[in-house]
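First residue of the sequence shown: 18, per our numbering; consecutive thereafter. Every residue, glycine too, gets a C-beta built ideally from N, C-alpha and C. Here the structure is a predicted model, which means the values were calculated and not measured.
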Amino acid sequence: MKNLLLTASVAAMMLLSGCGAEKTAADHGSGLSVEMQSGGQYRHVQLIRYENGEKVPDESVVNADGSQFEDGEVIWFDIQPGQWKDTTAVALTVSTVGTGVGARQTKPVKLKDGASWAHAVFGDDGLTIKETE
């Protein structure tokens, strides 16, 4: 009986903690997802969108517990269709500090015209679009 309760408790904790594959923009059907491959050093990530050449700061993301983004962790930016249509390129600012102090910006990456979502990887070489539709 104790084993059954222990097994049920572990299963419930896994469900509540969100174990399993993280959803990408492809799974959501919209927006931008970024898979972190930066060695787990960053705590703050901000999306920068470019609309017709104009820099538009967008969502900032930090982990709720203040921890670093680990390799393989996926961040999904919920960009609304109206905003996405006008977005011509994206970049990230990343910081090792949770408040974003001392952030550095990646080079902007152009988006494919007419795409409804994109999946990118952020690593040592910067931001790279891997999949789009």
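- In the displayed model, Lys147 falls within a strand according to three-state DSSP.
- The alpha-carbon separation between Glu150 and Asn80 amounts to approximately 28 Å.
- With 16 or more other Cβ atoms inside 10 Å of its own Cβ, Arg66 counts as buried.
- When C-beta atoms of the region 48-66 are compared with those of the region 126-145, three or more pairs fall below 8 Å, so the two segments count as touching.
- Contact annotation: Val73 and Phe94 have beta-carbon atoms that are not nearer than 9 Å.
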